[in-house]
Amino acid sequence: MNSSIFSLICLVLLTFPIVICKASRDVVCTPSESETLVKLKDYLIDNLNRLSSWNATANTNCCEWVGVVCSNITAHVVELHLSISRPSDEYDDVGYDAFVKSRFGGEINPCLVDLKHLNYLDFSGNDFGGMQIPAFLGAITSLTYLNLSYAEFSRKIPYQIGNLTNLVHLGLASSYHSETLFAENLRWLSGLSNLQYVDLGGADLSKSFDWLQTLSALPSLTDLHLSYCIVHPYNQPSSLNFSSLLTLDLSFTHFSSVVPKWIFGLRRLVSLQLNGNHFEGPIPDGLQNLTLLENLDLYYNSFSSLPDWIYSFRHLKFLNLAYNNLCGNISDALGNLTSLVALDFSGNQIEGRFPTSLGNLCNIKEVRFSGLKLNQRVSEILEILAPCISHGLTTLRVRSSHLSGNLTDQIGVFKNIETLDFFDNSIHGALPPSFGKLSSLSYLNLYKNQFDGNPFESLGSLSKLSYLDIGDNRFQGVVKEDDLANLTSLKQFYAGGNNFSLKVAPNWRPTFQVAELTMSSWNLGPKFPSWIQSQKYLEYLEISKAGISDSIPTWFWETFSQACYLNLSHNSIHGELANTLKNPISAQVLVLSSNRLSGQLPQLFEKMIKLDLSNNLFSGSMTELLCKNHDKPKKLGFLNLASNNLSREIPDCWLRWPCLVDVNLQSNHFIGNLPSSMGSLSLLESLQLRNNTLSGNFPPILKNTTMLISLDLGENNFSGNIPAWIGEKLINLKFLRLRSNKFFSHIPSQICALKSLQVLDLANNSLSGNIPNCFNHLNAILLPNRSTDPFIYCSSINTSGISVVSMVLWLKGRGDEYRNILGLVTSIDLSDNKLIGEMPREITNLDGLNFLNLSHNQLTGSIPQSIGSMRSLQSIDFSRNQLSGEIPTTISNLSFINLLNLSYNHLKGKIPTGTQLQSLEASNFVGNNLCGEPLPINCSSNGKIPNIDHNGNESDGHEVNWFFVSMAFGFMVGFWAVVAPSFIYKSWSSVYVCIINYVWSKL
């Protein structure tokens, strides 16, 4: 009997898995739940038809629908997987666009509550447009997993979620750039005793005073994520009972300037992320209590020193100390961290060399040492890394770290490396042949080094390479079809700034399909490269300076109608653009500058953010481009039509372009004054109108453009006064250029209220009166090196774009365009006016001024003695005035001076002695009563100007000059020989008078 029962039990146990498997194959959902899912689908926006299988007519079994999981036993719907993940490749723009298009929108229907057995719900990564999290989700009490992270929910987190007592996983994180979720308190969490995972990233908890105590009381909590949260800055306790916590993420939470002490008691922590909090001082010693740490992320803080105990974490796998203020050397004790998988020291002040012990870290896969001051040969680094980690290393980033030397053939031992980044170093020489052995390489960045030779001889075999940047090197040579044939995985290809020639057959079609392509400075012409037409997914194209001397074919605009960025500048492309660019394109950036395009301007399109057609041959009016077929406001932020043949008045339809921040219309033939609608450009930061024929008074509509940082109205026919309201309305101005107009009257003192002003150019007008004595209020040039950023940017919040401001300045006797260093220039130019009075002493307080030009005026008085305190001066021009007195001796203190023009004044005395002054041209001092080098006139010991003989030799003042004595004696003898007889003989006198009259009448 017992034997029979045992056999029966064994039979049941053996057949049970078969029953379970059969049930999983044959499970069919209930009709009511199928109807619920169809109703849920009807309220969702599904752009890519991801839920096409949710069709009860075509398939009544909802358990087979995408994203639906049913119980193998009960057949009830238990899980809904409706999330969408961002692309894992941070450089995959095509993948990101696909992600955006595939997200669900719309709303979540309350019918979801009817799924009584649902325990898993994931809507993460979708886009619900800022709606509130539905409160009815709190009624689905069977849920153990709820993930609504990054689904663009906002407003108050519903307290009803506290009813989900079975919940183990809760994800409510929001994107840092989206609208914020907030909670007035977190007490609703206190009943969720089963919670193990909580993610409230991005939430506003500033009104929740007890958030920390509530979370620490959750008995099962192992993972807590609060990145980008806004928390109340109250005094936090020194210890908390996070008894089970293993992972803590407080990145970008901004508690205070120091790490909270309660963290030091979390001895079970395995992962700690404190990045992005601006913590200061040394890395706190309290962290050494966390001996079980495997992941320590202190990225992007302000920690100042690296303690030795950090090398004692035996379990540490991931260490990120990037972008702090750490200084000194990396200790050789780094080799003790034998468990390390990823190491990042980038962006610190660390100097010295790679520690040789790095070669002991045989588990390492990622090494990032970018932005350090290593001053080491790259071959030495590869030699250190090669012995052990060549088998496991997948990522090596050493950007901007002063590496030098050549890449040697030993690079070939890193066969498993996937990411190699030597961005912005000083590495030179050709790529070694062994580069071709890096068969796993998918990301290679050699941008901005000094490599030479033809890299494709080594790179041509890397079939897994998807990201390649070799831009701005010294590479050169002919690239043929075979050199690119094996690069079948390329998605991003940046190779501009080299000297390549592409030699391919007319019908060549590349084996790759790239999303981003930069081949600037390649020789691709003279014909327009037809092979580009084969790139079906191209979104970013730059082929500037490519030697193209052809017209743009019609197929180009059709093929790339969906591209985002197109740059064909600095070629010799010709033709009438308006004839080929007719159909709408999606390009946000279109740059066709410096070509030979002609005819009317083309039309603008809906998504355009930047349009640059400068330096072409376009003619006619702007009306077609600016005013036609634009019935609603557009997003254009940057418009550059400079250096064309455009004419007529500037059209009055700027109301349709409210996002404009940078407008450049210089060097055309525009007439009249500015239209009134230009005053509506409230976001305008740069307006360049120089070298036109504009006229009228200073444009009053500019009162409304209060965001202006750069204004250039130079080389026009504007007249009248310079209005005082400039200093009251345009308070953000950094560059004001009104040169070569017809402005008159005085310079308003209100201009001194422009605290940010760096360049003031009012030259070549008819300004009169005194120079204002308030220039010492110009804070931006009051101290040296106040401006440290060489680039001046216009940035648009509405369009997420930027442009670099440029301006033509007369600083060294000629007009040059300043762009890359404009932010470092400080200048005041008031030359060629009718200014009178003395030079104000206050101007010498401008210790940060580089260029000062007051020439060609009627200034009087002396040069202020305090001019020697203007330590940043590189150029001074006071010529053609009426200045008097001696040159101040303090002027020799100006160690950076390379131009000093004091010619044609009434200055006297000795030129002060100084290395800079004596090296200047003598012409800078002529037209005065000066002596001493560089003039060829020596000064006497008593300081008086000496007598000079006719040979240019100095006289002692006592020697008789017999040449002048004999000349005077001869004149006296000749005069009396002729005139004296006329007094004696009357007839001679009459004849003499007649002769004089005759000569006078002839003259």
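With mature numbering (1 follows the signal peptide of the UniProt record, and there is no 0) as the guide, the letters of the sequence shown map in order to residues -23 to -1, 1 to 980.
Beta carbons: idealized from backbone N, C-alpha and C, even for Gly.
Do residue j and residue i count as a contact pair if the criterion is CB distance below 8 Å?
| i | j | result |
| --- | --- | --- |
| H209 | S183 | yes |
| G305 | I287 | no |
| P628 | M599 | yes |
| G406 | N431 | no |
| T837 | S869 | no |
| W239 | L217 | yes |
| G106 | S151 | no |
| N302 | F280 | yes |
| P865 | G845 | yes |
| L163 | D200 | no |
| P676 | L651 | yes |
| F346 | A319 | no |
| S356 | G382 | yes |
| T371 | K350 | no |
| D176 | T157 | no |
| S843 | N875 | no |
| L666 | N693 | yes |
| Q727 | T803 | no |
| S228 | N252 | yes |
Suppose the cutoff is 7 Å on Cβ atoms and the five residues either side in sequence are ignored; what does the same chain contact list for residue i look like?
| i | result |
| --- | --- |
| I361 | F331, T333, L335 and G336 |
| L558 | W534 and P579 |
| V90 | F113, A116 and I117 |
| L293 | L270, E271, L273, L314, S316 and L317 |
| K513 | Q490 |
| C47 | V4, C6, C40, H53, V54 and V55 |
| T191 | L163, R164, L166 and S167 |
Apart from the five residues on each side of it in sequence, which residues of its chain come closer than 6 Å, Cβ to Cβ, to residue i?
| i | result |
| --- | --- |
| N645 | N621, L623 and N669 |
| S918 | Note that S918 has pLDDT 47, beneath the 50 cutoff, so the model's placement of it is unreliable and no number is given. |
| L195 | L172 |
| E910 | Q895 |
| S438 | G413 and N463 |
| G552 | S528 |
| K504 | D527 |
| N938 | Any reading at N938 must be qualified, since the residue scores a pLDDT of 45, below 50, and its modelled position is unreliable; the value itself is stated next. The answer is none, since no qualifying residue turns up. |
Counting only the same chain and skipping the five closest in sequence on each side, list residues whose C-beta sits under 8 Å from that of residue i.
| i | result |
| --- | --- |
| N797 | P767, F768 and V781 |
| W42 | L14, L28, S30, W31 and N36 |
| A730 | G704, E705, I708 and H754 |
| S546 | S521, K522, V568, L569, S570, S571, N572 and D589 |
Buried or exposed, going by whether 16 or more other CB atoms sit within 10 Å of the CB of residue i?
| i | result |
| --- | --- |
| P506 | buried |
| W31 | buried |
| E519 | buried |
| A35 | exposed |
| W787 | buried |
| S549 | exposed |
| W532 | exposed |
| V568 | buried |
| Y471 | buried |
| K719 | exposed |
| Q565 | buried |
Is residue i close to chain C? Criterion is C-beta to C-beta, closer than 8 Å.
| i | result |
| --- | --- |
| S591 | Judged by its chain identifiers, the structure shown contains no chain C, having just a single protein chain. |
What ranges does the beta strand (DSSP E) occupy inside the region 689 to 744, keeping only unbroken runs of at least 3 residues that lie completely in it? Segments of the beta strand (DSSP E) lying fully in the region 689 to 744: 694 to 697, 712 to 714, 719 to 722 and 736 to 738.
Count the CB pairs spanning the region 655 to 662 and the region 700 to 707 that are closer than 8 Å, and state whether there are at least three. With a cut-off of 8 Å on Cβ pairs, the region 655 to 662 is not in contact with the region 700 to 707, counting fewer than three such pairs.
Does the count of Cβ pairs from the region 800 to 809 and the region 883 to 899 closer than 8 Å reach three? A contact is defined here as three or more CB-CB pairs under 8 Å, and the region 800 to 809 fails this definition with respect to the region 883 to 899.
Restricting to runs no shorter than 3 residues, where is the beta strand (DSSP E) found entirely within the region 596 to 655? Segments of the beta strand (DSSP E) lying fully in the region 596 to 655: 615 to 617, 622 to 626, 639 to 641 and 646 to 649.
Going along the chain, which unbroken runs of the beta strand (DSSP E) with 3 or more residues stay wholly within the region 270 to 321? Segments of the beta strand (DSSP E) lying fully in the region 270 to 321: 272 to 274, 295 to 297 and 319 to 321.
Which ranges would you report for the beta strand (DSSP E) in the region 130 to 214 if only whole runs of at least 3 residues count? The qualifying runs are 146 to 148, 174 to 176 and 200 to 202.
Pick out the complete alpha helix (DSSP H) segments inside the region 399 to 472, 4 residues or longer, and give them in chain order. Annotation: the region 399 to 472 contains the following complete segments of the alpha helix (DSSP H) (minimum length 4 residues), in chain order: 433 to 436 and 458 to 461.
Quick check on the DSSP output: what are the complete alpha helix (DSSP H) runs of length 4 or more inside the region 474 to 544, in order along the chain? DSSP assignment within the region 474 to 544 yields the following whole alpha helix (DSSP H) runs of 4 residues or more, N-terminal first: 531 to 536.
Let me know the beta strand (DSSP E) ranges lying completely inside the region 209 to 250, each 3 residues or longer, listed in chain order. Entirely contained in the region 209 to 250, the beta strand (DSSP E) runs reaching 3 residues are, in chain order, 224 to 226 and 248 to 250.
Please give the ranges of any beta strand (DSSP E) in the region 3 to 63, keeping only runs that are unbroken, at least 3 residues long and fully inside the region. The qualifying runs are 45 to 47 and 54 to 58.
Secondary structure, beta strand (DSSP E): runs of 3+ residues fully inside the region 809 to 880: For the region 809 to 880, whole beta strand (DSSP E) runs of length 3 or above, ordered along the chain, are 811 to 815, 828 to 830, 835 to 837, 852 to 854, 861 to 863 and 876 to 878.
List, from N- to C-terminal side, the alpha helix (DSSP H) runs of 4 residues or more that fit wholly inside the region 552 to 595. For the region 552 to 595, whole alpha helix (DSSP H) runs of length 4 or above, ordered along the chain, are 554 to 557.
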